[in-house]
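Residues in the sequence shown are numbered consecutively from 162, following the numbering used here.
To start, the structure itself, in structure tokens.
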Amino acid sequence: MLFFKRRRKFLRKKRTDSEAVIGNVQYHRESYSHNLESKRDFFVWLPPGYNNSKDRQYPVLYMHDGQNLIDPKTAYAGKDWQVDETLTRLISEYKMKEIIVVGIYNSDDRLEEYSDSEKGKKYLKFLVEELKSFVDSNYRTLSDKQHTAIIGSSMGGLISFLAAWKHTEVFGMAGCMSSSFYYNDEKIFKTIDEYEGEKKHIKFYIDHGEDGLLRGQKMFCKLTQLGYIIGTDIDYFYAPGAEHNESEWAKRLERPLLYFFGN
């Protein structure tokens, strides 16, 4: 196997004022990637019923900027996405399916890895060839594209779009929150304009606050011109007044979760 775990840490606890994470989280530290030629941390958040049924398989959501997702102690400016809290609440309310979440920590090469660059191509190969293979081999997943989603914000939103666009056979859903579609002279729009094939079978979620108004609308319009239908295979949301930070993405996370995995 190309990708292997160096060290695993188990955490099972409920959040209190002094604690950080809700649920069953398994941390994989310093896992070496041949594609990245470096080590990378990631965690796997398991749904509440995972240990109760040994035969049940689960959809999987891959998310970028892993250190910002569930733990305010590691999150930027001490504000996390509250992925664990939101999932626990929605699942307990029977509003969405139980899912597995894989949070991949970023690196000093974040801008390049999260864009259509050589390092970005290697990052996508790491996701598709190494990380997904590891997760599917070690956890009870529904591994087909219909049950595999990817979500990110800012540059993470850009690479989420690219992951699904370039690897349609792997990712059937892509959530792009406050995405940096402007990056590299709006290269992503040129990629779409040059595409001449059939409509890709992907469900897209596109949103933004005041941080990406023009380009978020532009992406939504381009996708609808390709045949994506609002409410069927694309969802679009504008949050008036919303700033570009983890707290705002935490507030909006429920929408793509329900769109992709809602009951």
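Cβ coordinates follow ideal geometry from the N, Cα and C atoms, glycine included.
Since the structure is predicted, the reported quantities are computational estimates derived from the model, not experimental observations.
Check: On the DSSP bridge assignment, give the partners of Arg201 in chain order.; Outcome: Ser192
Check: Just to confirm, is the Cβ distance from Ile311 to Met338 under 9 Å?; Outcome: no
Check: Does the distance from the C-beta atom of Tyr397 to that of Ile391 stay below 9 Å?; Outcome: yes
Check: Taking three-plus beta-carbon pairs below 8 Å as touching, is the stretch 204-215 in contact with the stretch 257-266?; Outcome: yes
Check: Return the residue from the list Thr329, Gln378, His328 that minimises the CA-CA distance to Ser341.; Outcome: Gln378
Check: Quickly, what does DSSP pair Asp396 with across the bridge? List them, please.; Outcome: Tyr366
Check: State the DSSP-derived secondary structure class of Leu374, mapped to helix, strand or coil.; Outcome: helix
Check: Let's test the definition: count the other Cβ atoms within 10 Å of the Cβ of Leu418 and tell me whether it reaches 16, buried, or not, exposed.; Outcome: buried
Check: Since Phe287 and Ser194 are thought to touch, with beta carbons under 8 Å apart, how far apart are those beta carbons, to the nearest angstrom?; Outcome: 5 Å
Check: Quick one: using the 10 Å Cβ neighbour count with 16 as the cut-off for buried, is Ala238 buried or exposed?; Outcome: exposed
Check: Is there contact between the stretch 230-246 and the stretch 286-304, where contact requires at least three CB pairs shorter than 8 Å?; Outcome: no
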